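Under this note's numbering, read the sequence shown as residues 57 to 375, first letter to last. Idealized CB from N, CA, C, for every residue including glycine. All values reported here derive from a predicted model rather than from experimental measurement.
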Amino acid sequence: MSASHELRFDGETVIVTGAGRGLGREHALAFAARGANVVVNDLGSSDTGQGADTHVAQSVVDEIVTNGGRAVADANSVATSAGAAGIVETALEAFGRLDVVINNAGFATYADFADVTDTQWRAMMDVTVDGAYHVSKAAWPIFVQQGHGRFVNTTSNAGFGGAPMLSHYGAAKLAVAGLTKNLALEGAEHGIRANAIAPVAVTRMNAEHFFGSADPRIENWKNEIAEGRLAIGPPALVSPAVVWLAHRDTPVTGEIFSTTSGRVAKVAFVVAEGYFNPDHTAEDLRDNAAAIRDLRRFVDMNSYEDELNTIPPLFSDYR
Ligand SMILES: NC(=O)c1ccc[n+]([C@@H]2O[C@H](COP(=O)([O-])OP(=O)(O)OC[C@H]3O[C@@H](n4cnc5c(N)ncnc54)[C@H](O)[C@@H]3O)[C@@H](O)[C@H]2O)c1
Numbered sequence: 057m058s059a060s061h062e063l064r065f066d067g068e069t070v071i072v073t074g075a076g077r078g079l080g081r082e083h084a085l086a087f088a089a090r091g092a093n094v095v096v097n098d099l100g101s102s103d104t105g106q107g108a109d110t111h112v113a114q115s116v117v118d119e120i121v122t123n124g125g126r127a128v129a130d131a132n133s134v135a136t137s138a139g140a141a142g143i144v145e146t147a148l149e150a151f152g153r154l155d156v157v158i159n160n161a162g163f164a165t166y167a168d169f170a171d172v173t174d175t176q177w178r179a180m181m182d183v184t185v186d187g188a189y190h191v192s193k194a195a196w197p198i199f200v201q202q203g204h205g206r207f208v209n210t211t212s213n214a215g216f217g218g219a220p221m222l223s224h225y226g227a228a229k230l231a232v233a234g235l236t237k238n239l240a241l242e243g244a245e246h247g248i249r250a251n252a253i254a255p256v257a258v259t260r261m262n263a264e265h266f267f268g269s270a271d272p273r274i275e276n277w278k279n280e281i282a283e284g285r286l287a288i289g290p291p292a293l294v295s296p297a298v299v300w301l302a303h304r305d306t307p308v309t310g311e312i313f314s315t316t317s318g319r320v321a322k323v324a325f326v327v328a329e330g331y332f333n334p335d336h337t338a339e340d341l342r343d344n345a346a347a348i349r350d351l352r353r354f355v356d357m358n359s360y361e362d363e364l365n366t367i368p369p370l371f372s373d374y375r
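Structure (structure tokens):
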């Protein structure tokens, strides 16, 4: 591919939350390498979301600057409106504009649903759901005023598929998918696009949980994937999808993409053709369960209307 076709971000400013480690760090490096001014936001919290360390964001900024890029560190938490306003302020003060928000900050704790505490649940919602809300809310008026802006949010297969010991995490991540769909819908008239990725990659968030800290497969991941023994790769494999979705020329909006070990694939909330009978009884549903659950014909929903449009024009000649 020629350089003229490269997806560049020269002159644009990109906020990446949680960019001090793991996936966010890779996204920040990728945007900087493509000419963006990058706000490397990271609270520097522990793998369970505790504490703070300003060096975490700064170390990625140092790496970007050493490579000839432009970046500024920000250690605000995404979990409050004041923190989110601070992140946006950092972008405007350092670079005078804002074009892209990558809502990536997050953490995972693992517990069976019976053992999830109210504190654990609240902390997960604070960072994952409220965090995406606060940062998006702070950026929104800027995007509306300038008539463009892109969000790339981070959801998870733990939400739309489910995963053991992650009920709180899965619930929070699926809320982010819902936020994404709605921002895309409301943002369209303002030139704002919103999409989400559902990544899978080895990071501190899951390495020990999945493999145990001494598992040699982590070091040998390429062979493990190639030989079908390991469906999980390094975080750098996720960033190209984020770069693509964040680019001003990418028309996609309101969509979700699984980004896993080199495969990028659309994830959709679909409604099956279903079984239509306005007079149905519970017994009819039992007897037609196969038709109700048949996904061979479906609608990929990009607004609530997409679902309603699949209902035959029933009410005019019903009753
Ligand atoms: N790694 C995976 O397989 C995977 C799968 C699905 C979703 N995700 C999501 O991807 C995102 C990145 O995860 P990762 O695997 O790179 O984890 P990570 O722990 O390596 O990085 C997350 C970063 O977010 C920062 N952070 C946490 N709370 C913050 C807050 N309140 N404000 C600002 N920064 C904060 C942390 O300090 C950390 O550096 C998360 O949203 C995660 O839920 C990851």
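Below 8 Å, how does it come out for the segment 72-83 and the segment 93-102: are there three or more Cβ pairs, yes or no?
yes
Using a 10 Å radius around the Cβ and a threshold of 16 neighbouring Cβ atoms, would you call residue 460 buried or exposed?
Outside the modelled stretch of the chain, which goes from 57 to 375, sits residue 460, for which no answer is possible.
Compute the distance between the beta-carbons of residue 255 and residue 85, then report whether it is under 8 Å.
Start at 1 with the first residue of the sequence shown, and residue 255 comes out as number 199. Start at 1 with the first residue of the sequence shown, and residue 85 comes out as number 29. No. Outside cutoff.
Roughly how many whole angstroms lie between the Cα atoms of residue 202 and residue 248?
Mapped onto the sequence shown, residue 202 falls at position 146. Mapped onto the sequence shown, residue 248 falls at position 192. Roughly 10 Å separates the two Cα atoms.
Return the CA-CA distance between residue 58 and residue 150, expressed in angstroms with no decimal places.
The count along the sequence shown starts at 1 and reaches residue 58 at position 2. The count along the sequence shown starts at 1 and reaches residue 150 at position 94. For residue 58, the predicted model reports a pLDDT of 45, less than 50, meaning its position is unreliable and no value from the coordinates is stated.
Compute the Euclidean distance between the alpha carbons of residue 262 and residue 135, then round it to the nearest angstrom.
In the sequence shown, the residue the question calls residue 262 occupies position 206. In the sequence shown, the residue the question calls residue 135 occupies position 79. Looking at the two C-alpha atoms, the distance is approximately 22 Å.
Is residue 237 buried or exposed, if buried means 16 or more other CB atoms sit within 10 Å of its CB?
Here residue 237 refers to the residue found at position 181 of the sequence shown. Result: buried.
Tell me, to the nearest whole angstrom, how far the beta carbon of residue 92 is from that of residue 140; I am working on the premise that it is less than 8 Å.
Here residue 92 refers to the residue found at position 36 of the sequence shown. Here residue 140 refers to the residue found at position 84 of the sequence shown. At roughly 20 Å, the Cβ-Cβ gap does not stay under 8 Å, so residue 92 and residue 140 are not in contact.
DSSP on residue 165, reduced to helix/strand/coil?
In the sequence shown, the residue the question calls residue 165 occupies position 109. Three-state DSSP puts residue 165 in coil, outside helix and strand.
Would you mind working out which of 250, 208 and 180 sits nearest residue 225, comparing C-alpha positions?
Within the sequence shown, residue 225 is the residue found at index 169, counting from 1. It is 180.
Taking C-beta to C-beta, are residue 228 and residue 165 nearer than 8 Å?
Within the sequence shown, numbered from 1, the residue matching residue 228 stands at position 172. Within the sequence shown, numbered from 1, the residue matching residue 165 stands at position 109. Result no, Cβ atoms of residue 228 and residue 165 do not sit closer than 8 Å.
My guess is that residue 168 and residue 221 are in contact by the Cβ rule of under 8 Å, so how many angstroms apart are they, rounded?
Here residue 168 refers to the residue found at position 112 when the sequence shown is read from its first residue. Here residue 221 refers to the residue found at position 165 when the sequence shown is read from its first residue. Contact holds; Cβ gap of about 6 Å.
Consider the C-beta atom of residue 301 and the heavy atoms of ligand 1; say whether any pair is separated by less than 7 Å.
Here residue 301 refers to the residue found at position 245 when the sequence shown is read from its first residue. Every heavy atom of ligand 1 is 7 Å or more from the Cβ of residue 301, so no.
When you measure from the CB of residue 289 to every non-hydrogen atom of ligand 1, does any distance come out below 7 Å?
Walking along the sequence shown from the start, residue 289 turns up at place 233. No; taking the cut-off as 7 Å, the Cβ of residue 289 has no heavy atom of ligand 1 nearer than that.
Can you look up residue 374 in the DSSP assignment and give me helix, strand or coil?
Here the question's residue 374 lines up with position 318 in the sequence shown. Any reading at residue 374 is ruled out, since the residue's pLDDT is 49, under 50, leaving its predicted position unreliable.
Starting from the C-beta of residue 146, find all residues in its chain whose C-beta is less than 7 Å away, skip the five residues before and the five after it, and write them out in chain order.
In the sequence shown, the residue the question calls residue 146 occupies position 90. Excluding residues within five positions, the ones whose Cβ falls inside 7 Å are 95, 128 and 130.
Going by DSSP, what residues sit across from residue 43 in a beta bridge?
Because the chain is modelled from 57 through 375, residue 43 falls outside the range shown and cannot be assessed.
Since residue 205 is in the beta strand (DSSP E), which residue starts that stretch and which ends it?
Here residue 205 refers to the residue found at position 149 of the sequence shown. It spans 205-210 - the beta strand (DSSP E) in which residue 205 sits, taken as one unbroken run.
Using a 10 Å radius around the Cβ and a threshold of 16 neighbouring Cβ atoms, would you call residue 326 buried or exposed?
Locating residue 326 in the sequence shown gives position 270, counting from the first residue. It is exposed - the Cβ of residue 326 has fewer than 16 other Cβ atoms within 10 Å.
When you compare only the Cα positions, how much space is there between residue 161 and residue 298?
Looking up residue 161 in the sequence shown gives position 105. Looking up residue 298 in the sequence shown gives position 242. For residue 161 and residue 298, the distance between alpha carbons rounds to 14 Å.
Do three or more CB pairs link the segment 107-126 to the segment 333-346 at distances below 8 Å?
With the cut-off at 8 Å, the segment 107-126 and the segment 333-346 do not touch.
Alpha helix (DSSP H) containing residue 120: first to last residue?
Start at 1 with the first residue of the sequence shown, and residue 120 comes out as number 64. Looking at the DSSP string, the run of the alpha helix (DSSP H) that includes residue 120 is 111-122.
Using only CA atoms, which one of 244, 317, 178 and 347 lies nearest to residue 282?
For this step, residue 282 is matched to residue 226 along the sequence shown. Of the listed residues, the one whose Cα sits closest to residue 282 is 317.
Taking all protein chains shown into account, decide if residue 143 is buried (16 or more other Cβ within 10 angstroms of its Cβ) or exposed.
Here residue 143 refers to the residue found at position 87 when the sequence shown is read from its first residue. It counts as buried.
Quick check on the DSSP output: what are the complete beta strand (DSSP E) runs of length 3 or more inside the segment 287-352, in order along the chain?
Listed in chain order, the complete beta strand (DSSP E) runs (minimum 3 residues) inside the segment 287-352 are 312-316, 319-323 and 326-328.
So residue 233 and residue 211 are supposed to be a Cβ contact under 8 Å. How far apart are they, rounded?
Residue 233 sits at position 177 when you count from the first residue of the sequence shown. Residue 211 sits at position 155 when you count from the first residue of the sequence shown. Confirmed, Cβ separation roughly 4 Å.
With distances taken from CA atoms, which of 63, 264, 258 and 362 is nearest residue 287?
For this step, residue 287 is matched to residue 231 along the sequence shown. Just measuring C-alpha positions, the residue of 63, 264, 258 and 362 sitting nearest residue 287 is 258.
Would you check if the distance between the CB atom of residue 63 and the CB atom of residue 81 is smaller than 8 Å?
Along the sequence shown, one-based indexing puts residue 63 at 7. Along the sequence shown, one-based indexing puts residue 81 at 25. It is not a contact, given that the beta carbons lie outside the stated cut-off.
Going by DSSP, name the residue or residues bridged to residue 69.
Within the sequence shown, the letter at position 13 stands for residue 69. Looking at the DSSP assignment, residue 69 forms a beta bridge with 93.
Could you check if residue 114 is buried or exposed, using at least 16 other CB atoms within 10 Å of its CB as the buried criterion?
For the purposes of this step, residue 114 is identified with residue 58 of the sequence shown, where counting begins at 1. Label assigned to residue 114: buried.
Can you say whether residue 218 is buried or exposed, counting buried as having 16 or more other CB atoms within 10 angstroms of its CB?
Numbered from its first residue, the sequence shown carries residue 218 at position 162. Exposed.
Are the CB atoms of residue 101 and residue 163 within a distance shorter than 8 Å?
On the sequence shown, residue 163 is found 107 positions in, with the first residue counted as 1. On the sequence shown, residue 101 is found 45 positions in, with the first residue counted as 1. Contact: yes.
Report the option in 205, 106 and 196 whose CA atom is closest to the CA atom of residue 305.
Taking the first residue of the sequence shown as position 1, residue 305 is located at position 249. For residue 305, the nearest C-alpha among the options comes from 205.
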